[in-house]
Amino acid sequence: MELRYSESDEAFRARLADWLAAELPKLPALPAREDWSARRRYDTDWQKRLFEGGYAGLNWPKAYGGADASPTEQLIFFEETTKAKAPYVGVNFVGTLHAGPTLVEEGSDEQKAAHLPKILAGDEVWCQGFSEPNAGSDLASLRTRAERDGDDSVLNGQKIWCSFGHIADVGEFLVRTDPDAPKNRGISWLVLPMDLPGIEIRPIKTVLGSSEFCEVFLTDVRVPVANRVGAENDGWRVTNVTLKYERGTAFVSELIDSLRLCEDLAPLVHDPVARRELGRSLADFEGLWALTKRNVSQASRGVPGRGAMMIKLAYSEARQRFGELCLRVLERDALSIEGNELVEERLRTLALPIAAGASQIQRNIISERVLGLPREPR
Amino acid sequence: MFLDLTDDQLALRDGIRALLDGRFGPDRIRHGFDRAMFAELADAGVFSLIADGFAWADAVVVFEQLGEFCIPGPLVASFLAADGRITAAIDAGAAPVIEHLDLLDRLVVLDGAVREVDLAQLDATPLDWPLDPLTPVWRSAAVIETGALPGADVDAWQRRGAVLTAAFCLGMSQRLVDTSVTYAAERRQFDRPIGGFQAIKHLLADMAVRSEVARAAVYSAGAHLDADELPGLARSVSVAKALAGEAAIRNGKDATQVHGGMGFTWEVDVHLYLKRAWVLDTQFGSAEHHYDLAAASLTSGS
Ligand SMILES: Cc1cc2nc3c(=O)[nH]c(=O)nc-3n(C[C@H](O)[C@H](O)[C@H](O)COP(=O)(O)OP(=O)(O)OC[C@H]3O[C@@H](n4cnc5c(N)ncnc54)[C@H](O)[C@@H]3O)c2cc1C
Chain L
1 MELRYSESDE
11 AFRARLADWL
21 AAELPKLPAL
31 PAREDWSARR
41 RYDTDWQKRL
51 FEGGYAGLNW
61 PKAYGGADAS
71 PTEQLIFFEE
81 TTKAKAPYVG
91 VNFVGTLHAG
101 PTLVEEGSDE
111 QKAAHLPKIL
121 AGDEVWCQGF
131 SEPNAGSDLA
141 SLRTRAERDG
151 DDSVLNGQKI
161 WCSFGHIADV
171 GEFLVRTDPD
181 APKNRGISWL
191 VLPMDLPGIE
201 IRPIKTVLGS
211 SEFCEVFLTD
221 VRVPVANRVG
231 AENDGWRVTN
241 VTLKYERGTA
251 FVSELIDSLR
261 LCEDLAPLVH
271 DPVARRELGR
281 SLADFEGLWA
291 LTKRNVSQAS
301 RGVPGRGAMM
311 IKLAYSEARQ
321 RFGELCLRVL
331 ERDALSIEGN
341 ELVEERLRTL
351 ALPIAAGASQ
361 IQRNIISERV
371 LGLPREPR
Chain U
1 MFLDLTDDQL
11 ALRDGIRALL
21 DGRFGPDRIR
31 HGFDRAMFAE
41 LADAGVFSLI
51 ADGFAWADAV
61 VVFEQLGEFC
71 IPGPLVASFL
81 AADGRITAAI
91 DAGAAPVIEH
101 LDLLDRLVVL
111 DGAVREVDLA
121 QLDATPLDWP
131 LDPLTPVWRS
141 AAVIETGALP
151 GADVDAWQRR
161 GAVLTAAFCL
171 GMSQRLVDTS
181 VTYAAERRQF
191 DRPIGGFQAI
201 KHLLADMAVR
211 SEVARAAVYS
221 AGAHLDADEL
231 PGLARSVSVA
241 KALAGEAAIR
251 NGKDATQVHG
261 GMGFTWEVDV
271 HLYLKRAWVL
281 DTQFGSAEHH
291 YDLAAASLTS
301 GS
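Line by line, the protein sequences give chains L and U. Under the numbering used here, the first residue of the first sequence is numbered 1, with each subsequent residue one higher. Under the numbering used here, the first residue of the second sequence is numbered 1, with each subsequent residue one higher.
Laid out in C-alpha cells, this is it:
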C-alpha cells in the first residue's frame with residue numbers, strides 16, 4: 001500500500017494543472033440553463049480545447065487519437081479537472097465515455113475512421129437510444145424493430161429517456177433484428193444519424209423543470225446496414241461492452257465534487273446532530289474515494305476489482321443522504337433553486353439510483369456476480 | 001499510488017490466515033483469551049511486527065485476519081505497548097469498566113497522555129454477565145493513574161489504535177458476509193435456497209458493499225500511518241474507524257437476520273462477532289466520535 005504518487009504521475013499532474021490554469025480563464029461565459037444549442041457549443045468547445053491540449057480520449061488507445069493514459073493518470077485527470085472546476089464532460093458524455101470506447105473495441109475500420117476523430121475533437125455529439133417505454137431495467141425486452149430492405153434497415157418504434165437526444169448528431173441505438181429469437185439474442189447495436197427522415201424528438205421535462213432527456217419516435221427510418229456495429233443479432237454482447245464503460249469511471253468527478261460540497265456545507269452547519277451527519281457523509285465519500293483508488297490500483301495490475309460495480313450503488317445512497325442533510329441545513333433558504341447549487345444538486349441526484357441501472361438491479365448484479373447467489377428470472 | 005495488497009502483503013495475509021485457521025478455530029476461540037493464546041500469537045510474531053521491520057500497513061493486514069477469526073483479548077493495546085506485556089487501554093472519560101483484568105500486566109488510560117494505572121490499587125469486581133462472552137469485564141470504583149508510560153505518544157496511540165481496531169472490525173465484517181452467503185446458499189425454504197429471494201440477496205449485497213468500502217478506507221488509513229507527512233492523516237483514521245466499526249455492527253445485525261432463528265442462538269458464531277463489534281466501538285473512539293472529528297476536519301483543515 002502506497003499513497004504517494006510516482007514521479008511521472010506527479011509530473012503528469014503538474015503539467016495538467018499548468019494547462020488548466022492557462023486554459024480555464026479563456027472559457028466563454030456559461031450558457032443559460034435551457035439554451036441547449038448554447039450548452040452544446042460550450043461543452044464541445046471544451047472538448048476541442050482538451051483535444052488540442054492532448055487530454056481528449058485519455059483512456060483511448062493512441063492508435064485512435066487517444067492518450068492511452070494509465071488508470072492512475074485518468075484518476076489524476078478527474079481529480080485536477082474537478083478541483084479546478086473545469087467544465088464537466090456534459091453533452092460529450094456518451095461519445096467520449098461509452099460510445100467511442102465501444103467503437104474502439106467493436107467497430108469496423110470505416111466506423112472508427114468516421115466517428116472517433118470527430119468525437120475526440122468535439123465535432124460530433126452522441127446520444128444513447130437504449131431504453132424504451134416498456135424496456136427499462138429489462139432492457140433486453142426492447143421492441144424497436146429493424147427490418148432489412150436491401151442495403152438498409154428500416155426502423156420503427158419508440159425510445160425514451162434519451163439524454164441530449166435533441167442536440168445530438170448520432171446515437172447508439174439498440175434495435176430488434178430477430179423477433180423470434182430469445183430476447184437477448186435478437187438485438188443489434190447500430191449508429192443512427194439523428195437527422196434522418198422519420199425521426200421525431202420530443203424533450204421531456206425533468207424534476208428540475210429542464211429538459212435534458214427526450215422521447216424519440218422512429219417511423220420508417222432508413223439507415224444503412226453498414227451502420228451496424230458487431231454482427232447482426234449480436235448486439236447484446238456489444239451492449240455489455242457499452243455498459244461496462246458507462247458504469248465505469250462515470251462517478252469519479254461526482255465523487256470528488258461531493259467532497260468539495262461537504263466543505264461548502266460545513267460553515268453553514270451549527271447544530272451538533274447535523275454536524276455529526278455531515279461527518280458521516282464525509283466518511284461515506286472518503287471511503288468511496290479510497291475504494292476508487294483501490295479499483296484503480298487493481299486495474300493497473302490487470303485485476304478487475306469487485307469494488308467497481310459497488311461504487312455506483314454506494315455512491316447513489318451516500319449522495320441521497322447528503323442531499324437530505326443539505327436541505328435540512330438550509331431550511332427555508334432551500335426553497336429557491338436559483339443560485340443555490342446544493343438544492344439543485346439535491347434534485348439532480350434523485351436520478352442517481354435510477355439512471356444507468358437502478359439500485360435494485362445493481363444489488364441483483366452484486367449478489368449474483370460477486371457473491372454467487374442464485375440468478376433472478378430473466 | 002497503490003492501495004491494494006502487495007505480493008509481500010498477500011504472503012503475510014496468507015501466512016497468518018493459515019496459522020489462525022489451523023490453531024485458532026471456533027472451538028478454541030470460544031474458550032476465550034488466555035496466556036497460552038497470547039504466547040502463541042507472540043511467538044508467531046504478531047506483536048513484534050513493527051520491531052521486526054514491518055510497516056503499519058502490514059499490521060493492518062494482520063489485524064484484519066485476527067478480526068476474521070474473532071480472536072479475543074486486548075490485542076490492539078498489547079500490540080501498541082509492544083513489550084510482551086498484556087496491555088489494555090481505555091479511552092479518557094469512559095466508565096471504569098476493564099476487560100480481561102485477570103490477565104492484564106498493564107492497564108493504560110488514554111487521557112492526554114498514555115497513563116499507566118496502578119493495578120495493585122484497583123478495587124474491581126467482576127461483572128457476571130458480560131455483553132461479549134469472550135470479553136470478561138470488571139468494574140472498578142476508581143482508576144488511579146501512576147504516571148505516563150515512558151516514550152508513548154498518546155496521539156500516535158490513538159491513531160494507530162483506531163486503525164488497528166478498524167482493521168479488526170473489517171475482518172469481522174467480511175467474515176459475516178462470507179458465513180451469511182454460505183448459509184443463504186444452503187438453507188432452503190419454499191423449495192429453494194433463501195439466497196434466491198431478492199430481499200435476502202439485497203441484504204447480502206449491502207453487507208458486501210459495506211465491507212468493501214470499509215476495506216478501502218482501512219487500507220488507506222494504514223498507508224497514511226506509514227506516510228504521516230502527507231495531509232489527511234487524522235481524517236483518514238476517523239473515516240476508517242467509523243466505517244469499519246459500523247460495517248461490523250450492521251453486518252452483524254444483517255447476518256443475524258439472514259440466519260433466521262439460528263441467528264438468535266448461542267451456537268451460531270454471529271452473535272460473537274456482533275458483540276465484539278459493540279465492544280470495539282467503545283475503544284479508540286466510537287463511530288459517532290469519529291464522525292464528529294471528520295466533520296471538524298472540514299473546517300480545521302486537518
Ligand atoms: C437522468 C436519466 C437519464 C437517462 N438517460 C438515458 C439515456 O440517455 N439513454 C437511455 O437509453 N436511457 C436513459 N435513462 C434510462 C435509465 O437507464 C432507466 O430509467 C433505468 O434503466 C430504469 O428503467 P425504468 O425507468 O424503465 O424503470 P423500471 O425498470 O420500470 O424500474 C422501476 C422500479 O422497479 C425496480 N425493478 C425493476 N426490475 C426489477 C427487478 N428485477 N428486481 C427488483 N427491482 C426491479 C427498479 O429498480 C425501479 O426501482 C436515463 C434515466 C435517467 C433517470
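Glycine included, C-beta positions come from ideal geometry on N, C-alpha and C.
Just to confirm before moving on: does the CB-CB distance between residue i and residue j stay below 8 Å?
{"i": "residue 236 (chain U)", "j": "residue 224 (chain U)", "result": "yes"}
{"i": "residue 319 (chain L)", "j": "residue 253 (chain L)", "result": "no"}
{"i": "residue 88 (chain U)", "j": "residue 74 (chain U)", "result": "yes"}
{"i": "residue 218 (chain U)", "j": "residue 279 (chain U)", "result": "no"}
{"i": "residue 375 (chain L)", "j": "residue 368 (chain L)", "result": "yes"}
{"i": "residue 170 (chain L)", "j": "residue 126 (chain L)", "result": "yes"}
{"i": "residue 466 (chain L)", "j": "residue 60 (chain L)", "result": "Outside the shown range of chain L (1 to 378) lies residue 466 (chain L), about which nothing can therefore be said."}
{"i": "residue 170 (chain U)", "j": "residue 244 (chain U)", "result": "yes"}
{"i": "residue 65 (chain U)", "j": "residue 20 (chain U)", "result": "yes"}
{"i": "residue 255 (chain L)", "j": "residue 285 (chain L)", "result": "yes"}
{"i": "residue 296 (chain L)", "j": "residue 72 (chain L)", "result": "yes"}
{"i": "residue 117 (chain L)", "j": "residue 66 (chain L)", "result": "no"}
{"i": "residue 12 (chain U)", "j": "residue 46 (chain U)", "result": "no"}
{"i": "residue 76 (chain U)", "j": "residue 137 (chain U)", "result": "no"}
Would you mind working out which of the options sits nearest residue i, comparing C-alpha positions?
{"i": "residue 90 (chain U)", "options": "U:78, U:231 and U:39", "result": "U:78"}
{"i": "residue 352 (chain L)", "options": "L:322, L:370 and L:330", "result": "L:322"}
{"i": "residue 123 (chain L)", "options": "L:92, L:360 and L:340", "result": "L:92"}
{"i": "residue 383 (chain L)", "options": "L:155, L:312, L:88 and L:114", "result": "For residue 383 (chain L) there is no data in the structure shown, the boundaries of chain L being 1 and 378."}
{"i": "residue 242 (chain L)", "options": "L:28, L:87, L:64 and L:107", "result": "L:107"}
{"i": "residue 159 (chain L)", "options": "L:204, L:150 and L:151", "result": "L:204"}
{"i": "residue 330 (chain L)", "options": "L:95, L:292, L:271 and L:293", "result": "L:271"}
{"i": "residue 156 (chain U)", "options": "U:110, U:34, U:129 and U:36", "result": "U:110"}
{"i": "residue 164 (chain L)", "options": "L:201, L:187, L:144 and L:137", "result": "L:201"}
{"i": "residue 40 (chain L)", "options": "L:185, L:206 and L:90", "result": "L:90"}
{"i": "residue 185 (chain U)", "options": "U:101, U:60, U:204 and U:220", "result": "U:204"}
{"i": "residue 338 (chain L)", "options": "L:372, L:9, L:11 and L:209", "result": "L:209"}
{"i": "residue 135 (chain U)", "options": "U:123, U:260 and U:103", "result": "U:103"}
{"i": "residue 270 (chain U)", "options": "U:32, U:187 and U:254", "result": "U:254"}
{"i": "residue 207 (chain U)", "options": "U:55, U:97, U:181 and U:148", "result": "U:181"}
{"i": "residue 121 (chain U)", "options": "U:188, U:141 and U:112", "result": "U:141"}
Could you list which residues in chain U have their beta carbon closer than 7 Å to that of residue i, in chain order?
{"i": "residue 262 (chain L)", "result": "298"}
{"i": "residue 159 (chain L)", "result": "By Cβ distance, chain U contributes nothing, its closest Cβ being about 28 Å from residue 159 (chain L), past 7 Å."}
{"i": "residue 276 (chain L)", "result": "288, 291, 292 and 295"}
{"i": "residue 72 (chain L)", "result": "1"}
{"i": "residue 310 (chain L)", "result": "209 and 212"}
Please list, in chain order, the chain L residues whose beta carbon lies closer than 9 Å to that of residue i.
{"i": "residue 181 (chain U)", "result": "367, 371, 372 and 373"}
{"i": "residue 230 (chain U)", "result": "3 and 4"}
On the DSSP bridge assignment, give the partners of residue i in chain order.
{"i": "residue 67 (chain U)", "result": "Answer is none; residue 67 (chain U) lacks a bridge partner."}
{"i": "residue 95 (chain U)", "result": "According to DSSP, residue 95 (chain U) bridges with nothing at all."}
{"i": "residue 294 (chain L)", "result": "Residue 294 (chain L) pairs with nothing; no bridge assigned."}
{"i": "residue 128 (chain L)", "result": "L:172"}
{"i": "residue 203 (chain L)", "result": "L:214"}
{"i": "residue 159 (chain L)", "result": "L:216"}
{"i": "residue 2 (chain U)", "result": "L:2"}
Which residues in chain L have a C-beta closer than 8 Å to the C-beta of residue i? List them in chain order.
{"i": "residue 204 (chain U)", "result": "367, 371 and 373"}
Starting from residue i, trace the alpha helix (DSSP H) in both directions and tell me its first and last residue.
{"i": "residue 321 (chain L)", "result": "308 to 330"}
{"i": "residue 15 (chain L)", "result": "7 to 23"}
{"i": "residue 83 (chain L)", "result": "71 to 83"}
{"i": "residue 204 (chain U)", "result": "198 to 226"}
Considering residue i, what are the terminal residues of the beta strand (DSSP E) in which it resides?
{"i": "residue 126 (chain U)", "result": "124 to 126"}
{"i": "residue 277 (chain U)", "result": "Note, residue 277 (chain U): premise wrong, no beta strand (DSSP E); alpha helix (DSSP H) at 270 to 281."}
{"i": "residue 188 (chain L)", "result": "187 to 193"}
{"i": "residue 149 (chain L)", "result": "145 to 149"}
When every heavy atom of ligand 2 is checked, does at least one fall within less than 7 Å of the C-beta of residue i?
{"i": "residue 360 (chain L)", "result": "Absence of ligand 2 from the depicted structure is noted, with ligand 1 being the only ligands included."}
Starting from the beta carbon of residue i, find every residue of chain U whose beta carbon is closer than 9 Å, and list them in chain order.
{"i": "residue 364 (chain L)", "result": "198, 201, 202 and 205"}
What does residue i reach in chain U if we use C-beta pairs closer than 8 Å?
{"i": "residue 298 (chain L)", "result": "4"}
Are the C-beta atoms of residue i and some chain A residue less than 8 Å apart?
{"i": "residue 243 (chain U)", "result": "Although the question refers to chain A, the structure presented lacks it and instead comprises the protein chains L and U."}
I want to verify the contact list: residues of chain L whose CB lies under 7 Å from the CB of residue i, in sequence order.
{"i": "residue 193 (chain U)", "result": "374"}
{"i": "residue 239 (chain U)", "result": "283, 286 and 287"}
{"i": "residue 224 (chain U)", "result": "3"}
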